[in-house]
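Heads up: the structure comes next, in structure tokens.
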Amino acid sequence: MPIETQLQPRRDHVVTSLRIEVIDGPDRGKQIVGADAQLSVGTAVDNALVLTDFTVSRFHLEASVRPGGISIVDLGSTNGSYIGPVRVERALLPPGTLVKIGGTTIRFDDAVRQNVPAPAPTALGGMIAGSPQMHRLFADISRVAASPTSVLVVGESGTGKERVAEALHERSHRQGPLVTIDCGALPSNLLASELFGHERGAFTGADRTYAGAFERAGTGTVFLDEIGELPPSDQVALLGVLERRRFRRVGGSADIELGARVIAATNRDLRAEVNTGRFRHDLYHRLAVVVLRLAPLRERADDIPLLVTHFARELGAPGTIEETFGAEQLARWQRHPWPGNVRELRNAVESAMVIGTSPELVAAVASAEIAPYKEARAVEVGAFERDYLAKLMAAADGNVSRAARVAKMDRSHLIDLLHRHGFKE
12 MPIETQLQPR RDHVVTSLRI EVIDGPDRGK QIVGADAQLS VGTAVDNALV LTDFTVSRFH
72 LEASVRPGGI SIVDLGSTNG SYIGPVRVER ALLPPGTLVK IGGTTIRFDD AVRQNVPAPA
132 PTALGGMIAG SPQMHRLFAD ISRVAASPTS VLVVGESGTG KERVAEALHE RSHRQGPLVT
192 IDCGALPSNL LASELFGHER GAFTGADRTY AGAFERAGTG TVFLDEIGEL PPSDQVALLG
252 VLERRRFRRV GGSADIELGA RVIAATNRDL RAEVNTGRFR HDLYHRLAVV VLRLAPLRER
312 ADDIPLLVTH FARELGAPGT IEETFGAEQL ARWQRHPWPG NVRELRNAVE SAMVIGTSPE
372 LVAAVASAEI APYKEARAVE VGAFERDYLA KLMAAADGNV SRAARVAKMD RSHLIDLLHR
432 HGFKE
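Residue numbering for the sequence shown follows the numbering used here, starting at 12 and increasing by one per position.
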């Protein structure tokens with residue numbers, strides 16, 4: 012049987028919507044009911060539930076429905092989120108739980124529960140959807156692709172944020188190209204030049220006029236990856252461009268019209284960065300007109316067999332996934348938390364196809380022969396680096412600078428390793 016037909020049977024998914032109600036405080040009686048993946052609460056107008064209590068932070072907390080209850084995450088608020096006398100940063104609540112934020116008390120409840128048939132697996136821009144989260148994302152991409160509106164793509168490292176940007180650009184039918192700038196990989200003194208370009212002689216080494224990303228994109232799309240790494244001075248410059256829709260090359264005097272759409276991506280929660288002052292609220296408002304969220308792979312296990320099938324077919328597997336990997340390996344993959352998300356899964360599938368289903372035994376062969384030392388060492392070191400990087404980036408919440416500090420490693424060397432092992436596109 013062709014490998015692409017070897018999928019797990021589709022199941023009915025329980026869909027739960029969430030009710031958030033203010034039961035005490037200045038906004039008593041205010042409530043919101045929604046089936047969105049996440050609902051945020053705070054005083055900023057960008058929230059799903061907007062409060063007027065001045066003791067509540069701009070982006071105070073976020074709630075979402077999980078199989079085991081209602082998940083809440085405090086977004087680095089000033090006055091905290093409390094369940095009784097206990098301050099919580101993250102909690103899984105039963106319906107009916109009361110949470111105090113500033114001078115306001117809110118209740119989280121289940122609103123509606125219903126069973127609906129799971130939709131058939133689909134693909135979009137190289138991404139695979141079997142889970143409700145991905146189907147919802149695909150629908151959102153199709154809905155906003157043709158709009159000139161700025162989009163912020165949020166998700167952990169390895170979830171496929173660049174694929175979302177590519178899908179949005181492809182379906183926008185914009186005439187210009189998609190130009191990508193990694194804001195986390197460039198020093199601040201070069202970032203302005205990469206974004207806006209420079210005139211000849213603008214600084215030492217500027218021996219020619221250079222067109223930046225906004226100019227090269229024309230009427231296409233500029234994708235600002237790792238936007239959370241943008242230094243404060245560059246945040247000001249970018250905000251000015253987005254507000255005026257015009258920019259100047261570094262060292263230039265002529266205005267150039269901005270015709271490109273801007274898509275940004277981050278593995279950080281920028282609302283928490285806004286609360287702490289590390290990211291400008293007005294820039295966040297400009298970038299996050301539409302927010303698309305990519306769920307981590309551990310929260311959408313239904314996609315794992317589909318992705319394994321897709322990657323195996325892409326890599327030329329000759330038979331079914333059971334024949335290629337074995338039931339035990341497939342079961343291990345289903346149980347694994349995948350801190351490196353889809354990128355880590357693809358590396359695991361490729362590794363299993365090349366060296367078998369037990370990467371920890373990479374130096375051995377079926378006949379018990381010993382591989383040449385140089386080859387065996389290279390494979391072992393590669394396996395160690397992949398495992399270490401996955402754990403390191405998970406511990407650092409995908410933040411490259413933080414990971415480099417934890418690993419006591421030069422940041423540029425870490426970025427090279429992340430690129431080499433597919434953790435960073």
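Yeah, the Cβ is synthetic: ideal placement off N, Cα and C, and Gly gets one too.
Bear in mind the structure is a predicted one, so any value in this text is a computation, not a measurement.
Using the DSSP secondary-structure output, state which residues sit across from residue i in a beta bridge.
i	result
Ile-139	Ala-134
Gly-80	Arg-77
Ile-238	According to DSSP, Ile-238 bridges with nothing at all.
Ser-92	Val-99, Ile-112
His-209	Tyr-221, Val-261
Glu-268	Arg-257
Thr-232	Leu-189, Arg-272
Ile-34	None, per the DSSP bridge assignment.
Leu-72	Val-52, Asp-85
Arg-118	Glu-32, Leu-109
What span of residues does the beta strand (DSSP E) with residue i cover, start to end?
i	result
Ala-275	272 to 277
Thr-63	Here Thr-63 belongs to no beta strand (DSSP E), and DSSP marks it neither H nor E.
Val-110	108 to 112
Ala-102	101 to 104
Leu-303	301 to 304
Gly-45	42 to 45
Val-52	50 to 53
For residue i, count neighbouring Cβ atoms within 10 angstroms of its own Cβ and tell me buried if that reaches 16, exposed if not.
i	result
Gln-144	buried
Ser-244	exposed
Arg-98	exposed
Arg-431	exposed
Ile-192	buried
Ser-68	buried
Glu-100	exposed
Val-360	buried
Gln-345	exposed
Val-446	Coverage of the chain is limited to positions 12 through 436, which leaves residue 446 absent and any answer about it impossible.
His-424	exposed
Ala-379	Low confidence applies here, because Ala-379 scores a pLDDT of 40, under 50, leaving its location unreliable and the question unanswered by this model.
Glu-240	buried
Asp-421	exposed
Where does the unbroken alpha helix (DSSP H) through residue i begin, and where does it stop?
i	result
Val-164	Segment 162 to 165 is the beta strand (DSSP E) holding Val-164; no alpha helix (DSSP H) there.
Ala-7	Residue coverage of the chain in this structure runs from 12 to 436, which leaves residue 7 outside it and unanswerable.
Gly-251	243 to 255
Leu-308	Per DSSP, Leu-308 belongs to no alpha helix (DSSP H) and is neither H nor E.
Thr-320	314 to 325
His-184	Unbroken run through His-184: none, as it is neither H nor E.
Arg-416	411 to 418
Asp-408	That residue, Asp-408, is in no alpha helix (DSSP H); it is neither H nor E in DSSP.
Trp-349	Where Trp-349 is concerned, there is no enclosing alpha helix (DSSP H), given that its DSSP letter is neither H nor E.
Arg-422	422 to 431
Phe-336	332 to 336
Leu-294	292 to 298
Between residue i and residue j, which are expected to be in contact by the criterion C-beta below 8 Å, what is the C-beta distance as a whole number of angstroms?
i	j	result
Thr-230	Arg-185	6 Å
Leu-308	Leu-356	6 Å
Arg-259	Phe-214	No, Arg-259 and Phe-214 are not in contact; Cβ-Cβ is about 14 Å, not under 8 Å.
Lys-419	Pro-350	The pair is not a contact, with the Cβ atoms about 20 Å apart (cut-off 8 Å).
Ser-136	Ala-196	It should be pointed out that residue 136 corresponds to Gly in this sequence rather than to Ser. Contact flag wrong, Cβ pair sits at about 23 Å.
Ile-31	Phe-119	6 Å
Ser-199	Val-261	The pair is not a contact, with the Cβ atoms about 12 Å apart (cut-off 8 Å).
Arg-257	Leu-269	6 Å
Thr-232	Ser-153	Contact doesn't hold; Cβ gap of about 16 Å is too wide.
Val-190	Ala-228	4 Å
Arg-273	Leu-253	The sequence shown places Val at residue 273, not Arg. Contact holds; Cβ gap of about 7 Å.
For the pair the stretch 78 to 87 and the stretch 36 to 43, tell me if three or more CB-CB distances fall below 8 Å. no
The stretch 167 to 182 in contact with the stretch 332 to 340 per 3-pair CB rule at 8 Å: no
Would you check if there are 3 or more beta carbon pairs closer than 8 Å linking the stretch 155 to 167 to the stretch 269 to 278? yes
Spell out a yes or no on whether the stretch 288 to 295 and the stretch 320 to 330 are touching, meaning 3 or more CB-CB pairs, one atom from each, closer than 8 Å. no
Is there contact between the stretch 102 to 120 and the stretch 61 to 79, where contact requires at least three CB pairs shorter than 8 Å? The stretch 102 to 120 is in contact with the stretch 61 to 79.
At a cut of 8 Å, does the stretch 89 to 107 reach the stretch 136 to 143 through at least three beta carbon pairs? no
With a threshold of 8 Å, are at least 3 pairs of Cβ atoms found where one atom belongs to the stretch 148 to 162 and the other to the stretch 396 to 415? With contact defined as three or more Cβ pairs closer than 8 Å, the stretch 148 to 162 and the stretch 396 to 415 are not in contact.
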